[in-house]
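Remarks on the structure that follows.
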Amino acid sequence: MKDIETREDILLIMHKFYDKLLADDVIRFFFTRITFVNEHLEAHFEILATFWEQSLFLKGGYYNNMFSIHKEVHEKSAFTKEHYTIWLNHFNSTIDAYFAGKNAEQMKTQALSMATIMQIKFT
């Protein structure tokens, strides 16, 4: 298996990851009833790809405050430990299904760090 190397690799991960999120009865409502991300997925994927390109490849271009955005969602409907666990499991299993290597591991580690910080900050 190859490592994550391009924006296209990140977009593949996002498409497959969101397939899992939107199929999950416990977490789907965040994307369909709280944020309505499902109504503009392709635009959302582009934002996510820019975020992860900056994070993994130091490309720049992401100017939003990821924590602020998720805090707004949390204030509408609180994330629980179960939600974070599901999100991370789907994220990690998606990466593991398609990629292996330094960038794949870095992406999973950063996702865990973000989820951990959110759990601490949002409670």
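Counted the way the numbering used here counts, the sequence shown spans residues 730 to 852.
The C-beta atom is built at its ideal place from N, Cα and C for all residues, glycine as well.
Note that the coordinates shown come from a computational prediction; the quantities given were computed from them, not determined experimentally.
Whether residue i touches residue j by CB criterion (7 angstroms)
i, j, result
"S784", "Q848", "no"
"F774", "L740", "yes"
"K805", "I763", "yes"
"R736", "E771", "no"
"F760", "H819", "no"
"F828", "D732", "yes"
"L777", "M743", "yes"
"T779", "Y791", "yes"
Residue from the options whose Cα sits closest to the Cα of residue i
i, options, result
"H799", "T852, I733, V755, E834", "T852"
"T814", "V802, S842, N767", "S842"
For residue j and residue i, the rounded distance between their alpha carbons
i, j, result
"V755", "K810", "12 angstroms"
"K788", "N794", "17 angstroms"
"E768", "R757", "13 angstroms"
"A807", "D753", "17 angstroms"
"H803", "H812", "11 angstroms"
"F786", "E801", "28 angstroms"
"E734", "S822", "18 angstroms"
"A826", "Q835", "15 angstroms"
Rounded distance between the beta-carbons of residue j and residue i, thought under 8 angstroms
i, j, result
"W816", "A833", "With a Cβ gap of about 17 angstroms, W816 and A833 do not count as contacting."
"K850", "F765", "Going by Cβ atoms, the distance from K850 to F765 rounds to 24 angstroms, so no, they are not a contact pair."
"I846", "K837", "Wrong, their Cβ atoms sit about 15 angstroms apart, outside the cutoff."
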